[in-house]
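A.B. asks: Submitted below is the structure of interest, expressed as structure tokens.
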Amino acid sequence: MIETVLSATHMPFWKQLVTSIDEVLFPRQCIVCRSFLGSSPQRDRFLASGFDNHHVLSSYLCPDCFGQCRPLESPICPRCGRMFSSRNTGDHVCGECIGDRKPFHKARAWGAYEGALLRVVYSFKYHHKTFLARPLGSLMYAVLQRHWRSNEIDLVIPVPLHPKKLRQRGFNQSCLLIRHWPHNADWAAVTEPSTDWLVRTRWTRSQTGLRRKERRANICGAFSLQGRPPLASKNVLLIDDVYTTGATVAECARVLLDGGARRVDVLTLARAM
Ligand SMILES: [Zn+2]
Ligand SMILES: [Zn+2]
3 MIETVLSATH MPFWKQLVTS IDEVLFPRQC IVCRSFLGSS PQRDRFLASG FDNHHVLSSY
63 LCPDCFGQCR PLESPICPRC GRMFSSRNTG DHVCGECIGD RKPFHKARAW GAYEGALLRV
123 VYSFKYHHKT FLARPLGSLM YAVLQRHWRS NEIDLVIPVP LHPKKLRQRG FNQSCLLIRH
183 WPHNADWAAV TEPSTDWLVR TRWTRSQTGL RRKERRANIC GAFSLQGRPP LASKNVLLID
243 DVYTTGATVA ECARVLLDGG ARRVDVLTLA RAM
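Taking the working numbering, the leading residue of the sequence shown gets 3, the next gets one more, and so forth.
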């Protein structure tokens, strides 16, 4: 087993040996179902050098749980990013977006918020498995590069938490997800997020369990701008972990557009179907 792992990575020999011994003494478990995982050349490759391995989740999940993760792909709604269940059609604006024009220009996500991915996000946010920020963030970075050109984004703004929530949780999951994005001169704007301009000024009850209209009412007026941020004519990319009904990012987008932003787009890790 050790030989297989050693030959599959570009890590220094001593590091590979330590990793292998570590795996024997502390065998890794699936984040979701806790079944034990074997050695993972993909994980080692990712940790050693890669940031573009879209199979990175297979390093943290058993094959069954990994198989439950459903990346979003066409046909989708070009505005809200909803994936259509019928595969016999092209991308088209969904009924909801026709009836209810959203303030943001377009929203995209990596995967469907269901099954194993839902539980991975839950572990990341509520069980403090913050080491997941890097692999999950890498999936979002791949979506960013697939759906945007670098000159389409001037500012990246993570959805802020209320200060009380930030103290309770200890971290803002949206900030953490993009913290490890690689530095790239072409994408300079995305590696220096603006975290001080948009603030959450009103405490709101959790959106979980609320219906669409209730979510919208609950989040209304929760965000505001701090100071006089130079948003004029800027294209902003909002970052959040999950897009459920879009009420939170729509409210953020409204505030940013009122503040002068030209366009607001949305990137999340997961999206409710
Ligand atoms: Zn599993
Ligand atoms: Zn739509």
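Note that CB positions come from ideal geometry on N, CA and C, so glycine has one too.
1. Alpha carbons only, please: which of V238, C254, Q228 is nearest the one belonging to Y245?
2. Can you tell me whether DSSP reads I155 as helix, strand or coil?
3. Quick check on DSSP: helix, strand or coil for D243?
4. Please list, in chain order, all residues with a C-beta atom less than 6 Å from at least one heavy atom of ligand 1.
5. Assign V7 to one of two classes, buried (16 or more other C-beta atoms within 10 Å of its C-beta) or exposed (fewer than that).
6. What is the residue span of the beta strand (DSSP E) that R110 lies within?
7. Kindly give me the distance between the Cβ atoms of N237 and D156, rounded to whole angstroms, as I take these residues to be in contact under 8 Å.
8. Using a Cβ distance threshold of 8 Å, determine whether the stretch 199-212 contacts the stretch 142-151, with at least three qualifying pairs required.
9. Does V161 come out as helix, strand or coil in the three-state DSSP assignment?
10. Could you say which of H182, L212, N153, A249 lies nearest to W189 if we only look at CA atoms?
11. What are the boundary residues of the alpha helix (DSSP H) that includes R256?
12. Can you tell me which of G262, R89, T250, D198 puts its alpha carbon nearest to the alpha carbon of L269?
13. Entirely within the stretch 168-225 and at least 3 residues each: give me those beta strand (DSSP E) ranges in chain order.
14. Would you be able to state if there are at least three C-beta pairs under 8 Å between the stretch 194-203 and the stretch 215-232?
15. Roughly how many whole angstroms lie between the Cα atoms of F68 and D102?
16. With respect to 7 Å, is the separation between the Cβ of E116 and the closest non-hydrogen atom of ligand 3 below this value?
17. Here's a check: name, in chain order, each residue in its chain whose Cβ is nearer than 6 Å to the Cβ of Y62, leaving out the five neighbours to either side.
18. For H149, which residues from the same chain have a beta carbon less than 6 Å from its beta carbon, with the 5 sequence-adjacent residues on both sides left out?
19. If we count the other Cβ atoms within 10 Å of its Cβ and call it buried at 16 or more, is F106 buried or exposed?
20. Identify the residues that DSSP records as bridge partners of I100: which are they?
C.D. replies: Per the coordinate set shown:
1. For the purposes of this step, residue 245 is identified with residue 243 of the sequence shown, where counting begins at 1. Ranked by Cα distance from Y245, the options V238, C254, Q228 are led by C254.
2. Position 153 of the sequence shown, counted from the first residue, corresponds to residue 155. Coil at I155, not helix or strand.
3. Along the sequence shown, read from residue 1 onward, the residue named residue 243 stands at position 241. Strand, per DSSP.
4. Those residues having their beta-carbon less than 6 Å away from any non-hydrogen atom of ligand 1 are, in chain order, C32, V34, C35, S37, L63, C64, D66, C67.
5. On the sequence shown, residue 7 is found 5 positions in, with the first residue counted as 1. Residue placement at V7 is poorly supported in this model, since its pLDDT is 33, which falls under 50; the coordinates are not used for a value here.
6. Here residue 110 is taken as the residue at index 108 of the sequence shown, counted from 1. That run of the beta strand (DSSP E) goes 109-114.
7. The residue given as residue 237 occupies position 235 in the sequence shown. The residue given as residue 156 occupies position 154 in the sequence shown. Sure, about 5 Å apart at Cβ, within 8 Å.
8. Using a C-beta cut-off of 8 Å, the stretch 199-212 makes no contact with the stretch 142-151, since fewer than three inter-stretch Cβ pairs fall below that distance.
9. Mapped onto the sequence shown, residue 161 falls at position 159. In the structure shown, V161 sits in coil (DSSP, three-state: anything other than H, G, I, E or B).
10. Here residue 189 corresponds to residue number 187 of the sequence shown, with the count starting at 1. Of the listed residues, the one whose Cα sits closest to W189 is N153.
11. Here residue 256 refers to the residue found at position 254 of the sequence shown. Residues 249-260.
12. Taking the sequence shown and counting its residues from 1, one reaches residue 269 at position 267. L269 has its Cα closest to that of T250, out of G262, R89, T250, D198.
13. Listed in chain order, the complete beta strand (DSSP E) runs (minimum 3 residues) inside the stretch 168-225 are 200-202.
14. Per the Cβ contact rule, the stretch 215-232 is in contact with the stretch 194-203 (3 or more Cβ pairs under 8 Å).
15. Walking along the sequence shown from the start, residue 68 turns up at place 66. Walking along the sequence shown from the start, residue 102 turns up at place 100. Approximately 35 Å between the Cα atoms of the pair.
16. Ligands present in the displayed structure are limited to ligand 1 and ligand 2, and ligand 3 is not among them.
17. Position 60 of the sequence shown, counted from the first residue, corresponds to residue 62. In its chain, beyond the 5 residues on either side, I33 have a beta carbon closer than 6 Å to the beta carbon of Y62.
18. What you label residue 149 is simply residue 147 of the sequence shown in a count that begins at 1. R110, listed in sequence order.
19. Position 104 of the sequence shown, counted from the first residue, corresponds to residue 106. F106 should be labelled buried.
20. Here residue 100 is taken as the residue at index 98 of the sequence shown, counted from 1. Paired residues: none, contrary to the question.
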